[in-house]
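Chains as they are written, first to last, in full-length UniProt numbering: chain A, 1 to 409; chain B, 1 to 409.
There are 2 protein chains.
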Amino acid sequence: MSIDRFDQINPPARLLMGPGPINADPRVLRAMSAQLVGQYDPAMTGYMNETMALYREIFQTQNQWTLLIDGTSRAAIEACLVSALSPGDKVLVPVFGRFGHLLVEISQRCGAEVHTLEIPWGQVVTAKQLEDAIVKVKPKLVATVQGDTSTTVLQPLAELGEVCQKHGVLLYVDATASIVGNELLTDAWHLDAVSCGLQKCLGGPSGSGPITLSPAFVEHVRNRRHVEAGIKAEHHTDSQGAIIRSNYFDLPMILDYWGEERLNHHTEATTMLYGARECARIVLQEGLDKCIARHQLNGEALAAGLTGMGLELYGDQSNRMNNVVGVVIPAGVAGEAVRSSMLHDFCIEIGTSFGPLQGKIWRIGTMGYNARKDAVLTTLAALENVLRRAGFNTSPGRAVDAALTVYGA
Amino acid sequence: MSIDRFDQINPPARLLMGPGPINADPRVLRAMSAQLVGQYDPAMTGYMNETMALYREIFQTQNQWTLLIDGTSRAAIEACLVSALSPGDKVLVPVFGRFGHLLVEISQRCGAEVHTLEIPWGQVVTAKQLEDAIVKVKPKLVATVQGDTSTTVLQPLAELGEVCQKHGVLLYVDATASIVGNELLTDAWHLDAVSCGLQKCLGGPSGSGPITLSPAFVEHVRNRRHVEAGIKAEHHTDSQGAIIRSNYFDLPMILDYWGEERLNHHTEATTMLYGARECARIVLQEGLDKCIARHQLNGEALAAGLTGMGLELYGDQSNRMNNVVGVVIPAGVAGEAVRSSMLHDFCIEIGTSFGPLQGKIWRIGTMGYNARKDAVLTTLAALENVLRRAGFNTSPGRAVDAALTVYGA
């Protein structure tokens, strides 16, 4: 092999307007270029503590245990579920899109007894539906997605949290695609564990998974005893002797590293921590409410532009995520050819879709650094151009005009 | 909370001369500051393929399945073990340091029946010892560490590989701390799975775990069937119906993402991939043999300087890793006070130690970007100064003189 073939990293200048990942905020990339410090350096533990404080604001919580999992958003999901679920534990999962299926599948890997509450894709679950299922199943944990990018639908959570609290059931929420682009109130809504990632509205690269854990959730996972690499004598088991099925994702051990004990676990992914910290700083400097409002404005402008072009939106628009819009691929238009022209002619990425929606909708996102007027207008103008060349009948300029109306220009 | 308290990332200018993490090569940090592209962008899949080719050189293998796990080196260990081991499978682990204990503990989490071959810390296992244990235990897999930084000892692997091949046992090796600082020949030594991380001799930040898998290892893990998030109908189970206990670390699914099928798994940690790719480029541009020789030279100079200062080295020096030296803390010297003075007066980090060696040795590393003459001499001069002020009797300048002799100056 000639390694000379492989030049330095020099990616094309994409505008990433799919369901994520999106372009990272340049400030995040600059923060990630800072040099490393040691795992227990006072500077490092200081940055860890600051990151915990910043993400308490992001998650809108007083939870002490608010920290990062060293992996992508999926790693953060798995850390929450594998630490909470013992074999045979009952889990209830509302499934209304692809990422509900993922929660089912991960729970099954944990050996849990998984019950699903199947909702048609594009709809949400009601508190009544959830309560009926809880009464029937009597689960230890309910696991749900907040914003499922596969359908663009945002699950309302306030009432679900109340129902879970009333029945003494722990509630886990995957907020990867929704956080800081949509309202999320961990404490007010009684959410026991919430996880996310950086690569959506937080404006960073994939590879770090912020989580927050309620005192009740932490007490539950800590009832399993603790082991560190044979150095301690005991294993981390629950009262039935069931060990947590992962060392890397063993939350009690990870908490002992992030907490004052500073017990050694894996070497923290320092550069990703620098990035996660900067993502939160950017959002909080703008103001969390303003950040969410910005996502709402740009999402509405995008939706208005798409309908103005004569396209049909997918799913229940009254429960649509602010930051991603599903667009029905018009009859007679080759969906993948349009995406390819957007990418190769305009360097703009829009999203395909999965499962039952494959080939039926595109998903267009406006999130994080790319929740900007220029990004939305550029995408609309390019898409209109590509669609007209693909034979779709639309009047030039109508998409951008409709979006500009939303922006108030 | 006032977020204004938290300024931009601006870490102190440490010289990291512990057992890792070490300072990242500035080239790696620059590569990681490149903007993102989409998960299936031709540029992204191109970079993934190039990364696979680069790490085949690093691992000295023809293995097709040579790729990155999105997490730290510990994540890469767990991905190999959890994908290979079904509940009840017999594993044999030689334990001669902290990281052997970690392999035991992770294997137990997988539900395996774990047998250990206990070797006194600071020594290595012989092929005869391993073969006797294999004959007795009849394991499916042997899991061992190559370079255990807890003891600074390098386990010779060529004969172990032969023994495992002879008995039809799979051999997994954790090469996190040793790779590119010490010889590692995956194919020539018949290693079936090898994992590592970036934060040691590869000169990058923690957070990406390169692995390579032999065809036999891949065939073994693929004998478990496959599921993706409920989209596919089947679960990933072996002939006994035992499911792989992790979705995130399910190697057959990850291979289908890195392979030509490009099936969706988690969103690749793009920035970490940029970093991992640059780490490998730097090593291969220097030349792998030259890189290992540079670690050997600097490790010898460091060891000579330390003994020249009148310090005693720890462990079997005939099997010492090139890139880390254990130093016995002299009687009457407060080990942690010395480390603290090194950090706060000189901004140099040297390592403490764990378990039975806690408080008994320091560990000083010279690896990756920090396997340099100036870094070694600076560390020796500073340590000599700190030790003299701590009451240790040594002649000024002898440490650096002894190191310079090794450098041939």
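Where is the CB? At the ideal position from N, CA and C, for every residue including glycine.
{"query": "Find the residues of chain B that neighbour residue 33 (chain A), judging by a C-beta separation of less than 8 Å, and give them in chain order.", "result": "29, 30, 32 and 33"}
{"query": "Contact criterion: CB-CB distance below 8 Å. Does residue 6 (chain B) meet it with respect to chain A?", "result": "yes"}
{"query": "Got a sec: is the Cβ-Cβ distance from residue 227 (chain A) to anything in chain B below 8 Å?", "result": "Here residue 227 (chain A) scores only 37 on pLDDT, less than 50, and its place in the model should not be relied on; the value that follows carries that caveat. Cβ-Cβ to chain B under 8 Å: yes for residue 227 (chain A)."}
{"query": "Using a beta-carbon distance cut-off of less than 7 Å, what residues from the region 116–149 of chain A approach chain B?", "result": "none"}
{"query": "Can you tell me the Cα-Cα spacing of residue 174 (chain A) and residue 96 (chain B), whole angstroms?", "result": "41 Å"}
{"query": "Please list, in chain order, the chain B residues whose beta carbon lies closer than 9 Å to that of residue 383 (chain A).", "result": "Those within 9 Å of residue 383 (chain A) in chain B number zero; the least Cβ separation is about 16 Å."}
{"query": "Quick check on the DSSP output: the beta strand (DSSP E) that includes residue 94 (chain A) runs from which residue to which?", "result": "90–95"}
{"query": "Residues of the region 275–288 of chain B in Cβ contact with chain A at a cutoff of 8 Å, in chain order, please.", "result": "275, 277, 278, 281, 284 and 285"}
{"query": "So if I threshold CB-CB distances at 8 Å, which residues from the region 56–69 of chain B count as touching chain A?", "result": "56 and 57"}
{"query": "Look at the alpha carbon of residue 84 (chain A) and the alpha carbon of residue 389 (chain B), and state the distance between them as a whole number of angstroms.", "result": "51 Å"}
{"query": "Would you give the residue range spanned by the beta strand (DSSP E) that residue 174 (chain B) belongs to?", "result": "170–174"}
{"query": "Assign residue 113 (chain A) to one of three DSSP states: helix, strand, or coil.", "result": "strand"}
{"query": "Spell out a yes or no on whether the region 183–198 of chain B and the region 257–269 of chain B are touching, meaning 3 or more CB-CB pairs, one atom from each, closer than 8 Å.", "result": "no"}
{"query": "Tell me whether residue 149 (chain A) sits in a helix, a strand or coil according to DSSP, three-state version.", "result": "coil"}
{"query": "Taking C-alpha atoms, which residue in A:110, A:213 and A:18 lies nearest to residue 152 (chain A)?", "result": "A:18"}
{"query": "From residue 294 (chain A) to residue 156 (chain A), what does the alpha carbon distance come to, in whole angstroms?", "result": "20 Å"}
{"query": "Reducing DSSP to helix, strand and coil, say where residue 224 (chain A) ends up.", "result": "coil"}
{"query": "Cα separation between residue 333 (chain A) and residue 342 (chain A)?", "result": "14 Å"}
{"query": "Determine, using beta-carbon pairs with one atom in the region 178–187 of chain A and one in the region 313–331 of chain A, whether at least three such pairs fall under 8 Å.", "result": "yes"}
{"query": "My assumption, with CB atoms under 8 Å, is that residue 57 (chain B) sits in contact with residue 284 (chain B). Please give the rounded CB distance.", "result": "5 Å"}
{"query": "Out of B:261, B:379 and B:36, point me to the one whose CA is closest to residue 346 (chain B)'s CA.", "result": "B:379"}
{"query": "Work out the CA separation of residue 272 (chain A) and residue 46 (chain A) for me, nearest whole Å.", "result": "15 Å"}
{"query": "With burial defined as no fewer than 16 other Cβ atoms inside 10 Å of the residue's Cβ, what is the status of residue 384 (chain A): buried or exposed?", "result": "buried"}
{"query": "Note down, in chain order, every chain A residue with its Cβ under 7 Å from the Cβ of residue 37 (chain B).", "result": "11, 12 and 14"}
{"query": "Just to confirm before moving on: does the CB-CB distance between residue 423 (chain B) and residue 386 (chain B) stay below 8 Å?", "result": "The shown model of chain B, from 1 to 409, leaves out residue 423 (chain B), and the question about it has no answer."}
{"query": "So, using beta-carbon positions, are residue 363 (chain B) and residue 351 (chain B) closer together than 8 Å?", "result": "yes"}
{"query": "How many angstroms separate the CA atom of residue 226 (chain B) from the CA atom of residue 250 (chain B)?", "result": "Confidence in residue 226 (chain B) is poor, its pLDDT being 45 and thus under 50, which makes the residue's placement unreliable; the coordinate value appears in the next sentence. Each residue's alpha carbon lies about 9 Å from the other."}
{"query": "What number of angstroms, rounded off, separates the C-alpha of residue 203 (chain A) from the C-alpha of residue 43 (chain B)?", "result": "20 Å"}
{"query": "Using a beta-carbon distance cut-off of less than 8 Å, what residues from the region 321–339 of chain A approach chain B?", "result": "none"}
{"query": "Suppose you measure from the CA of residue 149 (chain B) to the CA of residue 177 (chain B); what does that come to, to the nearest Å?", "result": "7 Å"}
{"query": "Excluding five sequence neighbours on each side, which residues of the same chain lie with their C-beta closer than 6 Å to the C-beta of residue 311 (chain B)?", "result": "327"}
{"query": "Can a CB atom of chain A be found closer than 8 Å to the CB of residue 186 (chain B)?", "result": "no"}
{"query": "Cβ atoms of residue 33 (chain B) and residue 29 (chain A): under 8 Å apart, would you say?", "result": "yes"}
{"query": "State the CB to CB distance for the pair residue 167 (chain A) and residue 134 (chain A), rounded to an integer number of angstroms; the pair is presumed to be in contact (CB under 8 Å).", "result": "5 Å"}
{"query": "Measuring CB to CB, does residue 367 (chain A) end up less than 8 Å from residue 22 (chain A)?", "result": "yes"}
{"query": "Put residue 230 (chain B) into one of helix, strand or coil per three-state DSSP.", "result": "Confidence in residue 230 (chain B) is poor, its pLDDT being 38 and thus under 50, which makes the residue's placement unreliable; the coordinate value appears in the next sentence. Correct three-state label for residue 230 (chain B): coil."}
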